[in-house]
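Under the working numbering, the first residue of the sequence shown is numbered 6, with each subsequent residue one higher. Ideal placement from N, C-alpha and C gives every residue a C-beta, glycine not left out.
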Amino acid sequence: MKETIRRYILFIISLFFSGLGVAFTKHGELGVSPVSSVANVINYKFPSISLGTCLILWNVLLILGQILILRKKFRLIQLLQLPLSVVFGLFTDLGMIIVDKIPINSYFTQLCMIFIGITIRSFGVALAVIANEILNSAEAFVKAISDTIGKPFGNVKIVFDVSCVLIAVVLSLLFFNGTIVGTREGTFIAAFLTGELVKIYTGLLQKPLDKLLRS
Numbered sequence: 006m007k008e009t010i011r012r013y014i015l016f017i018i019s020l021f022f023s024g025l026g027v028a029f030t031k032h033g034e035l036g037v038s039p040v041s042s043v044a045n046v047i048n049y050k051f052p053s054i055s056l057g058t059c060l061i062l063w064n065v066l067l068i069l070g071q072i073l074i075l076r077k078k079f080r081l082i083q084l085l086q087l088p089l090s091v092v093f094g095l096f097t098d099l100g101m102i103i104v105d106k107i108p109i110n111s112y113f114t115q116l117c118m119i120f121i122g123i124t125i126r127s128f129g130v131a132l133a134v135i136a137n138e139i140l141n142s143a144e145a146f147v148k149a150i151s152d153t154i155g156k157p158f159g160n161v162k163i164v165f166d167v168s169c170v171l172i173a174v175v176l177s178l179l180f181f182n183g184t185i186v187g188t189r190e191g192t193f194i195a196a197f198l199t200g201e202l203v204k205i206y207t208g209l210l211q212k213p214l215d216k217l218l219r220s
């Protein structure tokens, strides 16, 4: 029981770093990660709705998608994704407040924000992997499809990420008179770097954190 509580605490900590990482990449204005790209475009279209709120709505949609795909196989414990998605959205908005005063006065600064954001978010994702208690909404959605159609998780994840970017681009073209907004080079940098950084962080932290969680 103590170990389970510790793992959920670690997962919540992971959400803070993931949200802060999204905030850094958003502030760089060169695009966010593929999974956040749809919410990012909606935030550009409706700036009165915070990025965190847009992410919550996007995650709710992914949870509903899991229910439709899995039906009776959907486990009630997975509904914990809902409050955890709200926490992630709140942490993202907190991150936006934290980074708001950082001046962005050159393309180099924008790139720095992207790389810092990816580094922080990857750390958060690695903590979530190590916590190994519940999947975030995006990964749970991918797993639901993977289990249903019998295809490898990694392959489905690639298709999902590409689909998110395509949806974001289509929405942008519709919302902004044929202009692509919110999906730029930062989105593709995040797509290529995040997985590799998560592997590095996980390799470094898995054993010491597992020992701490089980102590």
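Can you tell me whether DSSP reads G191 as helix, strand or coil? Collapsing the DSSP output to three states places G191 in a helix.
If you check the beta carbons only, do A149 and L67 fall under 7 angstroms apart? Annotated as distal: A149 and L67, with beta-carbon spacing of 7 angstroms or more.
With DSSP run on the structure shown, which of helix, strand or coil describes S38? Looking at S38 - three-state DSSP - the assignment turns out to be coil, as it is neither helix nor strand.
With a threshold of 8 angstroms on Cβ separation, who are the neighbours of T188 within its own chain once the five nearest residues in sequence on each side are excluded? Residues of the same chain with a CB within less than 8 angstroms of the CB of T188, apart from the 5 flanking positions on each side, are G36, S42, N45, V46, V170, A173, V174, S177 in chain order.
Quick check on this structure: which residue in I119, N137, L56, D152 has the alpha carbon closest to the alpha carbon of R76? Residue D152 is the option with its Cα nearest to R76.
Is F22 closer than 7 angstroms to I125 when the C-beta atoms are compared? Yes, the pair counts as a contact, with Cβ atoms nearer than the cut-off.
Thinking C-alpha only, which one of I103, L210, Y49 is nearest G24? The shortest C-alpha separation from G24 is found at I103.
Using 7 angstroms as the threshold, is the C-beta distance between Y206 and F96 below it? Cβ atoms of Y206 and F96: not closer than 7 angstroms.
Three-state class that DSSP yields for E201 in the structure shown: It is helical.
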